[in-house]
Amino acid sequence: MKRILFIVVLTSLSAIGAAAADPDDTPPQIRSPKDGQSVGAEGDRTCVKPSEPRYRIRVEGWVADQRTPFFAVEPLAVGPRMWIQPAIHGVRADGTFSGMVYLGTKTEGVGEQFKLYLFACADPQRYREKEEVLAFAKDCQVSAPVEITRER
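Put into structure tokens, the structure is as follows:
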């Protein structure tokens, strides 16, 4: 009897744990760069073209299945205004991907701080590149912000 009770309890706990670990409930994640990181220094691997001013960087992230990722950049000097970045193509089967974001222009943004956000939306047409966003959409999940500083 004790063995049957133990199996029932163990099975119930496993089911509860599986429900809590549902990836659809997991918010999107920006995996690189890290919060507090300075980007654009010499040798920084996030930079798209090392020979140019470091205004374009590669960002890596993760979204749950059946979600479309969109990066948004908020320059802290003009927050809470955010801009949607170029479309992300090629989300891998495990939900990981990389995309490009702009931190200002070649001549503007050096030394400034930016917040990066990752939106995970069910509607793949929810946002368009360069769209200005003033608030988080209720129909999309949003990552924790990643605050970075552009070196040059």
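In the numbering used here, the protein residues as written are 366 to 517.
Built from N, CA and C at the ideal position, the CB exists for glycine as well.
The structure presented is a predicted model; accordingly, all values stated were derived computationally and were not measured.
**Request:** For the beta strand (DSSP E) containing residue 511, list its first residue and its last residue.
**Result:** Counted from its first residue, the sequence shown places residue 511 at position 146. Element bounds for residue 511: 511-515.
**Asked** Exposed or buried, residue 497, counting other C-beta atoms within 10 Å across all chains shown (16 or more means buried)?
**Response** For the purposes of this step, residue 497 is taken as the residue at position 132 of the sequence shown. Its Cβ having fewer than 16 others within 10 Å, residue 497 is exposed.
**Item:** Cβ-based burial, residue 424 [other Cβ within 10 Å; buried from 16]
**Value:** Translated into the one-based positions of the sequence shown, residue 424 becomes position 59. The residue is buried, with at least 16 neighbouring Cβ atoms inside 10 Å.
**Prompt:** Which term fits residue 481, buried or exposed, when burial requires 16 or more other beta carbons within 10 angstroms of its beta carbon?
**Reply:** Here the question's residue 481 lines up with position 116 in the sequence shown. By the 10 Å Cβ count, residue 481 comes out buried.
**Extent of the continuous beta strand (DSSP E) run through residue 461** = Taking the first residue of the sequence shown as position 1, residue 461 is located at position 96. It spans 461-467 - the beta strand (DSSP E) in which residue 461 sits, taken as one unbroken run.
**Request:** Round the Cβ separation of residue 491 and residue 500 to the nearest angstrom and send it over; I've been treating them as touching at under 8 angstroms.
**Result:** Mapped onto the sequence shown, residue 491 falls at position 126. Mapped onto the sequence shown, residue 500 falls at position 135. Residue 491 to residue 500, Cβ: 14 angstroms. No contact.
**Request:** Could you pull out every residue in the same chain whose Cβ sits closer than 6 angstroms to the Cβ of residue 386, ignoring the five residues on either side in sequence?
**Result:** Within the sequence shown, the letter at position 21 stands for residue 386. Low local confidence applies: a pLDDT of 47 at residue 386 is under 50, so the model's placement there is unreliable, with the coordinate-based value given in what follows. Within the same chain, residue 386 has no close Cβ partners at all.
**Prompt:** Any idea which residues DSSP pairs residue 424 with across the strands?
**Reply:** Taking the sequence shown and counting its residues from 1, the one referred to as residue 424 is at position 59. Looking at the DSSP assignment, residue 424 forms a beta bridge with 464.
**Prompt:** Under 8 angstroms between the Cβ atoms of residue 419 and residue 430?
**Reply:** Walking along the sequence shown from the start, residue 419 turns up at place 54. Walking along the sequence shown from the start, residue 430 turns up at place 65. Not in contact: residue 419 and residue 430 (Cβ atoms no closer than 8 angstroms).
**Message:** Cutting at 8 angstroms between CB atoms, please list the residues of its own chain near residue 392, excluding the five before and the five after it.
**Reply:** Taking the sequence shown and counting its residues from 1, one reaches residue 392 at position 27. Excluding positions up to five away in sequence, the list reads 485, 506, 507, 508, 509.
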